[in-house]
Each structure stands twice: as structure tokens, then as C-alpha cells.
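Undergrad: First the structure, which I've put down as C-alpha cells, then a few questions once you've had a look.
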Amino acid sequence: MSEKKVPGVSDYEAPAGGWGALGAVARAVREQMAPMRETRALHRVNQPTGFDCPGCAWPDPKHTSSFEFCENGAKAVTWEATSKRTTPEFFAQHTVSELWTWHDHALENEGRLTHPMAYDQATDTFVELSWNEAMQRIGTALRAQPDPNMVEFYTSGRASNEAAFLYQLFAREYGTNNFPDCSNMCHEATSVGLPESIGVGKGTVTLEDFDHCDALFSFGHNPGTNHPRMLSTLREVSLRGVPIIVFNPMPERGLERFTAPQDPVEMLTGKSTTIASTYYKVKVGGDVAVLKGMMKYLLDTDEAERAAGRAGTIDHDFIAANTTGFDALVADLRRTRWDAIERKAGLTRADIEAAAAAYAKAERVIVAYGMGITQHSHGTENVQQIANLLLMRGNIGHEGAGICPVRGHSNVQGDRTVGITEKPNKALNDGIRKRFGFEPPDMHGHDAVEAVKAIRDGRSRVLLCLGGNLAVAMSDPAATFAAMAKLDLAVHIATKLNRSHLILARESILLPCLGRTELDVQAGGPQSVTVEDSMSMVHASAGRLKPAGPLLKSEPAIVAAMARATLPDSKVEWEAFIEDYDRIRDAIEAVFPIFERFNERVRVPGGFRLPVAASDGVWDTPDKRAHFLLARGLDEDKSGPEDTLTLTTLRSHDQYNTTIYGMDDRYRGITGRRDVIFIHASDLAARGLQHGDLIDVEAVGKPGTAPLAVRGYTAVAYPIAEGSVAMYYPEGNALVALESHDARSGTPSYKSVPVRILAARPAAP
Ligand SMILES: Nc1nc2c(c(=O)[nH]1)N[C@H]1C(S)=C(S)[C@@H](COP(=O)(O)OP(=O)(O)OC[C@H]3O[C@@H](n4cnc5c(=O)[nH]c(N)nc54)[C@H](O)[C@@H]3O)O[C@H]1N2
Ligand SMILES: Nc1nc2c(c(=O)[nH]1)N[C@H]1C(S)=C(S)[C@@H](COP(=O)(O)OP(=O)(O)OC[C@H]3O[C@@H](n4cnc5c(=O)[nH]c(N)nc54)[C@H](O)[C@@H]3O)O[C@H]1N2
Ligand SMILES: [Mo]
Numbered sequence: 115m116s117e118k119k120v121p122g123v124s125d126y127e128a129p130a131g132g133w134g135a136l137g138a139v140a141r142a143v144r145e146q147m148a149p150m151r152e153t154r155a156l157h158r159v160n161q162p163t164g165f166d167c168p169g170c171a172w173p174d175p176k177h178t179s180s181f182e183f184c185e186n187g188a189k190a191v192t193w194e195a196t197s198k199r200t201t202p203e204f205f206a207q208h209t210v211s212e213l214w215t216w217h218d219h220a221l222e223n224e225g226r227l228t229h230p231m232a233y234d235q236a237t238d239t240f241v242e243l244s245w246n247e248a249m250q251r252i253g254t255a256l257r258a259q260p261d262p263n264m265v266e267f268y269t270s271g272r273a274s275n276e277a278a279f280l281y282q283l284f285a286r287e288y289g290t291n292n293f294p295d296c297s298n299m300c301h302e303a304t305s306v307g308l309p310e311s312i313g314v315g316k317g318t319v320t321l322e323d324f325d326h327c328d329a330l331f332s333f334g335h336n337p338g339t340n341h342p343r344m345l346s347t348l349r350e351v352s353l354r355g356v357p358i359i360v361f362n363p364m365p366e367r368g369l370e371r372f373t374a375p376q377d378p379v380e381m382l383t384g385k386s387t388t389i390a391s392t393y394y395k396v397k398v399g400g401d402v403a404v405l406k407g408m409m410k411y412l413l414d415t416d417e418a419e420r421a422a423g424r425a426g427t428i429d430h431d432f433i434a435a436n437t438t439g440f441d442a443l444v445a446d447l448r449r450t451r452w453d454a455i456e457r458k459a460g461l462t463r464a465d466i467e468a469a470a471a472a473y474a475k476a477e478r479v480i481v482a483y484g485m486g487i488t489q490h491s492h493g494t495e496n497v498q499q500i501a502n503l504l505l506m507r508g509n510i511g512h513e514g515a516g517i518c519p520v521r522g523h524s525n526v527q528g529d530r531t532v533g534i535t536e537k538p539n540k541a542l543n544d545g546i547r548k549r550f551g552f553e554p555p556d557m558h559g560h561d562a563v564e565a566v567k568a569i570r571d572g573r574s575r576v577l578l579c580l581g582g583n584l585a586v587a588m589s590d591p592a593a594t595f596a597a598m599a600k601l602d603l604a605v606h607i608a609t610k611l612n613r614s615h616l617i618l619a620r621e622s623i624l625l626p627c628l629g630r631t632e633l634d635v636q637a638g639g640p641q642s643v644t645v646e647d648s649m650s651m652v653h654a655s656a657g658r659l660k661p662a663g664p665l666l667k668s669e670p671a672i673v674a675a676m677a678r679a680t681l682p683d684s685k686v687e688w689e690a691f692i693e694d695y696d697r698i699r700d701a702i703e704a705v706f707p708i709f710e711r712f713n714e715r716v717r718v719p720g721g722f723r724l725p726v727a728a729s730d731g732v733w734d735t736p737d738k739r740a741h742f743l744l745a746r747g748l749d750e751d752k753s754g755p756e757d758t759l760t761l762t763t764l765r766s767h768d769q770y771n772t773t774i775y776g777m778d779d780r781y782r783g784i785t786g787r788r789d790v791i792f793i794h795a796s797d798l799a800a801r802g803l804q805h806g807d808l809i810d811v812e813a814v815g816k817p818g819t820a821p822l823a824v825r826g827y828t829a830v831a832y833p834i835a836e837g838s839v840a841m842y843y844p845e846g847n848a849l850v851a852l853e854s855h856d857a858r859s860g861t862p863s864y865k866s867v868p869v870r871i872l873a874a875r876p877a878a879p
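Quick note on my numbering: the sequence shown kicks off at 115 and runs consecutively.
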């Protein structure tokens, strides 16, 4: 970084984890919680009899005997279990017009919602109403819609299996498959790409596979911040001497070195474990080029090795026995030129070949990836090229090898498993028909981007949100906010106030719900819910804290109440379900046979794994084979003029998606601010700009239209890949057009926005 002093910008030299992490937890606890509540909450995270951490979807080690320390898990827990409250008195004191001017951090930092509230136009405030009245209003509005497809049922991935199952049941009995959900903005490229490749839209590895791999590749995810418990896994892999090869445009500290807070020696001596054995700063959007380059190397060396009478670098027996499409892939790779690969990847042929050689040397390889792969205009192709690379050496379907999409929200995978999908398959609809005796709709519904467009165009009039902050998470806030202001009814089931709640529909209702940490008592006694992690492990979660207020209801109970208010002749036994969630689980089992003996198996500590055929080398595709699939050429998506940079949007260390815990990003050396753009010194110099300069960022859009832009950001010279720039999410959404998404999966291109940067213009008079 340059010598010039810029407020809030410095170098962070320490490893990930360590005392810095412990200090951050102490701070989170101090700021949010009363001491008793905190200790009781933190010691129950991810314990067999405790609750599932709402922080991320990384699995728990088999035998969790001690509390696995995780800074960001602790922040997620303290944020939910806070002693602060957003009460009717608070709402009476602040008009919505005033709240709109607050920072996102300030809104949520008021604490937990305590009462059902509805917007009152006369006073421009939210005012209390009874649960009964709220439900009546919702039921009346839903019954008044001329077409059930004018209602959107949004889900954020924190919802439990039980809540999500009831929610999809309600929507389907009501008559729509409009299920926009956070997964559409997240791992949808995985859900669309992998079934075509290997017959299942989920990861194939288990946590135990990490004990057996002999090479590990990481593409586009930041475990130090977003799945910190993965650092313990990576550390063990590194300590076994296994190469960990990283492709990421940013130097992420958690992928570089880690001091394990559980390791007294590391903590007391200040030592750390090196994580990445090699770190390649690939250009933003350059992963397809890297993957193709690695596969090209395999082709070339395979021939040479065989010619020399040695074992080749490609597993032809596996390919012949298990796959189709290899010849087309070979032809595609032969056509792809190294100069195009190098330009697109921003890496040399020698670099890519070195990575490929490490891959070829290993017998059991895992590839882990995150949003750096999926959130691109070619996200599905990215995912499928990873599958190709693995299939070329038979690295899917046996111990120590496989593909590992690192999921986001703690139950985003489970929500999809239990029916949150806008494209139901026959088995799902048959299951519902058989168990419940109503006819579920076949027609495809809306995903997240389509839902916002439908609302914008007046084709949808009602938005129900089971958690989340859709307006802020979605691309192009100007367009999205304006769309949502046209709704007839917006209903938010939420724990905390956020900006989406403040975008007023003709009628806006907030319904406060219990969080993961809290006791959920129904007529049948205390209840537990279930979740599925990134590795298809399903286990129970039961909170123990006293609820944040006496009026809070559980998510399943709220969904059931909305259904009863809307569907007087419902065929579903809503009341019985809420008395005892075991009955919901029995119904899940009836609709989805993979949940056989659900209630029995989920009571075993640690839970059980849902079947993933590809983990056993069984390909659940129409022709029962795995498929090599092609990506477009590398020259086709040249975007914009010469001075174009590619912007990616990232999470800071102090946020959970749109929830901003604080304004610091410790590992990247940023303190007290988020209005920065990370850029390579050479890219600054080429534009006559300097570290610390105020700049404007303009998206390169359709010629002749006003560009999406953000103004007055501070340039931070940073060792990011040249030609790439990075900003924080959600601020960066102001540069992403609604139309800019993967054509195959609909995933917005949050991580490949062509932009231009300019010295800041003074604000218009
Ligand atoms: N504390 C915390 N935990 C979280 C979340 C959170 O916000 N905070 N969010 C949760 C959710 S919903 C999700 S989906 C996950 C997200 O977890 P990640 O997938 O780690 O999410 P991002 O912060 O978006 O980081 C993406 C990483 O990809 C890199 N990257 C960006 N563009 C590219 C590219 O083109 N190629 C490559 N190879 N790399 C690239 C970035 O430098 C960054 O390191 O985390 C979950 N866990
Ligand atoms: N530019 C850019 N945009 C992105 C991304 C990116 O990387 N870059 N990432 C995308 C990704 S991966 C995702 S997953 C989406 C996230 O999109 P969402 O899932 O919609 O957003 P969150 O910020 O996770 O939602 C936070 C809100 O959830 C509510 N909440 C918290 N806990 C609970 C609970 O237990 N129950 C209920 N009912 N409500 C609760 C609170 O009110 C809180 O304000 O954003 C996407 N948007
Ligand atoms: Mo996500």
C-alpha cells in the first residue's frame, strides 16, 4: 500500500483468527447483550442439544464436544440475542420518512422487533396491531387477488426446514410457484449447473473427505470472514502437508495464514499456520480461463506421458465408464488459445500449468468454491468447468475427492430440499397431491430477479417475505426500490427492522418472529426445528433463550396463521402441525422419501446425511452418466472500451449480507468506513489517480443510456489483481443492472460489472 495517509485505511499484518478475533467477540457481546443471556447463548451454538449457528452453512465436526470458536458466528448470535428492542414506542417516535435516512446499520441496531406493526399513512409511522387483525388483513388481500400468480413468496435462507415446508405448502395450495429466494442470488448457478453435470445440485463431499484429500483447490470464497469454521478444516489439511491452491483476485488473510484461537501454543507464541501453499490472483471473471487452461495442460501432458509409456494424467477408464461429452470438451480445449487464456485469467501459462501439475499429481482432490464463481453472467458455466476438471481424473464419487460449493445462509440448502423452488418437478407435485389432496400448480413461477421485474411491471401486487432484505440484496436499488413501492401489500416476517420494510406498499405489515436462539413452546411443548448444511447433513436446532418479547411467534406458526386466514377450505391440518413439529417432519417425509424415518434419525446427535447419489459415483441424470459440458469461448464477452475495469462486490468482515454489524473490515485494514474501492496501484497510475483520491464509478452499460453510477468513493491502492476492482456489497448494487445476470440460472452478475473510474466530479448544483 502507498505511503500516503488515508483516514481509516492501513495495513493489517496479523494472521486471521488469533487475539483480534477474540477481541472482536468481546466487543460484540459488550455492545449487544446482557451477560447472562450471552454466556447461555454462546455455549449452545452447534452443540448436539443446542441451536444451529445462524452464521453460515459450514458443517460441524462429527463429535462436537467443545464449543468451536468462531468470531463471526458469535457476532451472528449476539446480534440476534441482543438485549435491544424495537418497540411500538420507538416507531411512534420516528416517522418512516426519518427512518429512511438512517444507515442500514442503525436500523437493525435498534434491536429485536417485538410487536406486529402496520404502516399508518396519517402519521407516517408504523403502529401496533393485533396478530388477529394482521392475519385478517393479509387473508383479505390475498383472497382479493385476481390471480394467485400476482403474489410473490420470498424466502431468505435462515428459515428452518419446517417453516419453509409450510410456506411452500401455503403458496402451492394458494396456487402459485412464485418462489423468489435468496438462493437465486447466491448458489443458483450450482443448483442449475451441477444437476446437468453430475445429476445433483449439491456438493458431493463430507467433512471427513477433507481428512483424505491430497490436494485442495479454492476458487472465489473468503472463509476467514464468511465461513470461519472452515479455517479449522483448512488448517488441518495444511498441517498434513497437503497443497492448498487458491484462485482469488484479493489477498484474503484467512486464506493466507490463521492463528487458531483453540490452539494455546499458536495463541501464546503469536505463531500461525500457513493456509494457501500457492495463491494465484486471478482476474475477476477469469476462472473459466484458468479452468480451461488447467484442462488443456492435462490433455497435453496425458498424451506425452502415455507416449513415454507412463500412466497418463487423464483417467480414461473413469471417463469411458461414467461420462459423455468428453470428445466435445477435447475439441473445445484444442480450439482455446493460450494467449486468450492468459489475457482473461491475468495469469501466465506457467502459473496455470503449475497449478494443473499439482492437480495431476494428486489422487484425491477437492475443489471448494463460493460467490466468486457463481455470481457472474456465466456462473453456471463456471460451475460446470469445475465439474469437468474433477471428472477428467475421476475426482467425484470416492473418498477424499469431490466438489464443495460453500453455501451461504445456514439453511439455504435445506429450504430448496423441502420445496422452495419456482420450478417444481413431478415428484414434488405428486408427493404434495398424494399427501394433502390438493392440486399444486405445475406452471413455473418467478425467481428473485423475475419477481422484482413482475412487481415493477405491475404483474405482481403482493410480496410476502419469510425473512431477508430483498430490496437491498437485489441489483439496482433505484429500479428495485421504485418497483416495490408499487405493491398493494408487503408483509415481512422478521427479527429486525431493515430497509425493505420501509419501502411502503399500499399496506405494509411487519410480523416479529422468534430467532434460532430462542425457546419455541407450542401446545405440544418445546419444539425444535431442523436445518441442512453445505454437506447435506440434517440436524435439529433448539433455542433455549427466553424470547425477545411475549408477543413473538415462531415462523411456522406465522406461516400457518397466514394460511388459515387466506384459505378457509384448506386441506392442510395447520393447527395440528403447529402443536407438534414432529407432525410437520412426518409430512416432509411423506412428500420427500429421502427423509425416511425423519423424526427418528434427526434425534440422533449430529443428525443424518441426505443421500447424494454423485458422492457414490451414481449419476442421477436422464442417461445415468455424468456430462462434460462446454463454456463459451473466452473472447466473446469483451465488455466496453479499453479503460474498462471489472468490478466485484464483496462482504466486509463486519457484516452478514445486508446486516451491517459495524463499519470495520479488519483483515483488509479498513476502519470506520465502507465508501472505498480497492484498486491496483498500476490501474490508478494509468488514470492519473492516486491512493486516497475521491473517485466516481460508472457502470459500462448500453450506449446512449445514463450509466448506473456511485460518486465520491475513496480509491484504496491494494494488491488486487490488475484490471479488477472491488467494492462492498450492498453498496455496489447501485452499479448492477437488473438485466445483468447469468442467462442460465438468473444469478445476478454481482461479481462481474464492467466499470470505468474517474476523478470525482463535484456534485451537480
Ligand atoms: N460473516 C458472514 N458470513 C457469511 C455471510 C456474510 O455476509 N457474513 N454471508 C453468507 C452468505 S449468504 C454467503 S453466499 C456466503 C458468501 O461467502 P463468499 O463466497 O466468501 O462471499 P463474498 O464475500 O462475496 O466473497 C467472495 C470471494 O470471492 C472473491 N472473488 C470475487 N470475484 C471473483 C472472481 O471473479 N473469481 C474468483 N476466483 N474469486 C472472486 C473475492 O475476492 C472474495 O474473496 O457467506 C455466508 N456467510
Ligand atoms: N452486490 C451483491 N449483492 C448480493 C450479494 C453479493 O455478493 N453482492 N450476495 C447475494 C447473496 S449470496 C444473498 S444470500 C442475498 C441475501 O439476501 P437476504 O437473505 O434477503 O438478506 P439478509 O441480509 O441475509 O437478510 C437480513 C434480514 O433478515 C432478517 N432476519 C434475520 N434473522 C432472521 C430470522 O431468523 N427469521 C426471519 N424471519 N428473519 C430474519 C432480519 O430482518 C435482517 O434484516 O444477497 C445477495 N446480494
Ligand atoms: Mo448467499
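Backbone N, C-alpha and C fix where the C-beta goes; we use that ideal spot for every residue, glycine too.
For the candidate residues Tyr288, Val143, Ser244, whose alpha-carbon lies nearest to that of aspartate 683?
TA: Tyr288
Undergrad: Is tryptophan 688 buried or exposed, if buried means 16 or more other CB atoms sit within 10 Å of its CB?
TA: Counting Cβ neighbours within 10 Å, tryptophan 688 comes out buried, since at least 16 surround it.
Undergrad: Classify leucine 382 as buried or exposed, calling it buried when 16 or more other Cβ atoms lie within 10 Å of its own Cβ.
TA: exposed
Undergrad: Whole angstroms is fine: what's the gap from valine 867's alpha carbon to leucine 330's?
TA: 29 Å
Undergrad: Comparing the CB of isoleucine 617 with every heavy atom of ligand 2, is any distance shorter than 7 Å?
TA: Taking 7 Å as the cut-off, the C-beta of isoleucine 617 does not count as close to any heavy atom of ligand 2.
Undergrad: I need the straight-line Cα distance from tryptophan 133 to arginine 371, nearest angstrom please.
TA: 14 Å
Undergrad: For a test of the three-state rule: what should DSSP assign to threonine 304, helix, strand or coil?
TA: helix
Undergrad: Whole-angstrom Cβ separation of methionine 566 and methionine 264, contact assumed at under 8 Å?
TA: The question names methionine, but residue 566 is valine in the sequence shown. The Cβ separation is near 14 Å, so there is no contact.
Undergrad: For the alpha helix (DSSP H) containing isoleucine 466, name the first residue and the last one.
TA: 463-475
Undergrad: Taking the alpha carbon of leucine 504 as the point to measure from, which residue in Arg530, Arg870, Glu477 has its own alpha carbon closest?
TA: Glu477
Undergrad: For tryptophan 733, name the three-state secondary structure that DSSP assigns.
TA: coil
Undergrad: Roughly how many angstroms lie between the CA atoms of alanine 813 and glutamate 703, to the nearest whole one?
TA: The alpha-carbon of alanine 813 is positioned some 48 Å away from that of glutamate 703.
Undergrad: Suppose you measure from the CA of serine 863 to the CA of tyrosine 843; what does that come to, to the nearest Å?
TA: If I take the Cα positions, the gap works out to 12 Å.
Undergrad: Along the chain, which unbroken stretches of the beta strand (DSSP E) at least 3 residues long are found entirely within the segment 116-149?
TA: Note on the segment 116-149: there is no whole beta strand (DSSP E) run with a minimum of 3 residues.
Undergrad: Using beta-carbon positions only, say whether arginine 286 and proline 555 come within less than 8 Å of one another.
TA: Judged by their CB atoms, arginine 286 and proline 555 are nearer to each other than the 8 Å cut-off.
Undergrad: Entirely within the segment 369-456 and at least 3 residues each: give me those beta strand (DSSP E) ranges in chain order.
TA: The DSSP assignment places complete beta strand (DSSP E) segments of no fewer than 3 residues inside the segment 369-456 at 371-373, 392-394, in order along the chain.
Undergrad: Look up serine 179 in the DSSP assignment and say whether it is helix, strand or coil.
TA: Bear in mind that the predicted position of serine 179 carries a pLDDT of just 44, short of 50, making it unreliable; the figure below should be weighed with that in mind. In the structure shown, serine 179 adopts coil according to DSSP, grouped into three states.
Undergrad: So, with DSSP's three-state summary, where would you put cysteine 296?
TA: helix
Undergrad: With hydrogens ignored, establish whether the beta-carbon of tyrosine 268 is closer than 7 Å to any heavy atom of ligand 1.
TA: no
Undergrad: On a CA-only basis, which of Ala445, Ala464, Leu798, Val444 is nearest aspartate 453? Give me that one, please.
TA: Ala464
Undergrad: Looking at threonine 228 and ligand 2, is the gap between the Cβ and the nearest heavy atom below 7 Å?
TA: no
Undergrad: Any contact of the segment 438-445 with the segment 736-746, i.e. 3+ C-beta pairs under 8 Å?
TA: yes
Undergrad: Quick one: any contact between the segment 296-313 and the segment 550-564, if contact means 3 or more CB pairs under 8 Å?
TA: yes
Undergrad: Does the beta-carbon of glutamate 495, which I'm using as the reference point, lie nearer than 7 Å to any heavy atom of ligand 1?
TA: no
Undergrad: Can you look up serine 859 in the DSSP assignment and give me helix, strand or coil?
TA: coil
Undergrad: Hey, is the segment 825-839 in contact with the segment 359-368, meaning 3+ C-beta pairs nearer than 8 Å?
TA: yes
Undergrad: Of all the beta strand (DSSP E) runs that stay within the bounds of the segment 506-544, which reach a length of 3 or more residues?
TA: 516-519
Undergrad: Indicate whether at least one CB of chain B lies closer than 8 Å to the CB of leucine 227.
TA: Any reference to chain B falls outside this structure, which holds one protein chain only.
Undergrad: Use the C-beta contact count for proline 378: other C-beta atoms within 10 angstroms, 16 or more gives buried, fewer gives exposed.
TA: exposed
Undergrad: At a cut-off of 7 Å, would you count cysteine 170 as near ligand 3, judging by its Cβ distance to the nearest heavy atom?
TA: no
Undergrad: So, does the segment 651-667 touch the segment 226-235, judging by three or more C-beta pairs under 8 Å?
TA: yes
Undergrad: Taking only the alpha-carbon atoms, compute the straight-line gap between methionine 557 and asparagine 291 and give it to the nearest angstrom.
TA: 7 Å
Undergrad: Candidates Glu495, Asp694, Pro357: which alpha carbon is nearest alanine 470's?
TA: Selection Glu495, Asp694, Pro357 evaluated against alanine 470 yields Pro357 as nearest (Cα-Cα).
Undergrad: Considering Cα atoms alone, identify which of Arg257, Thr373, Asn539 is closest to glutamate 127.
TA: Thr373
Undergrad: Hey, how far is the Cα of glutamine 235 from the Cα of valine 191?
TA: As the crow flies, the alpha-carbon of glutamine 235 is around 35 Å from that of valine 191.
Undergrad: Given a threshold of 16 other Cβ atoms within 10 Å of its Cβ, counted over all protein chains shown, does histidine 217 qualify as buried or as exposed?
TA: exposed
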